[in-house]
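The block underneath contains the structure these notes are about, expressed in structure tokens.
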Amino acid sequence: MRQPAGAEAGRALTADRAGEMGRSFALVADEARRLAERAASSTVDINSMVQDIRGHTSTAVACMDSLLPQAKGVVEAVSRFADIKGREEQPGA
5 MRQPAGAEAG RALTADRAGE MGRSFALVAD EARRLAERAA SSTVDINSMV QDIRGHTSTA
65 VACMDSLLPQ AKGVVEAVSR FADIKGREEQ PGA
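So in this note's numbering, the last one in the sequence shown is 97, and the numbering has no gaps at all.
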């Protein structure tokens, strides 16, 4: 039994649309895959930057810790100097 020409054209049109949808889906899937790869690569880059920042921060903290006794010594020396200078400026000293 032969199908009417309209039914055959309808099936051909439906198949053509399905093919277009399939191609569109493949394009979207490829783009999603590329974006996922970029996100993964960016995550690795960000992790590396965070590790660098942590390392630099640890170094900075260690430097500040090593300078703290010197800074306290300077503060004490300035305080002693100010006390001596203050006594010298008092009348009758």
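Quick reminder that beta carbons are idealized off the backbone N, C-alpha and C, glycines included.
{"Query": "Three-state secondary structure (DSSP) of P73", "Result": "helix"}
{"Query": "Reduced DSSP category for Q3 - H, G, I as helix; E, B as strand; rest coil", "Result": "The chain is shown only over 5 to 97; residue 3 falls outside these bounds and no answer can be derived."}
{"Query": "Distance, T63 Cα to G90 Cα", "Result": "40 Å"}
{"Query": "For T47 and V54, the rounded distance between their alpha carbons", "Result": "10 Å"}
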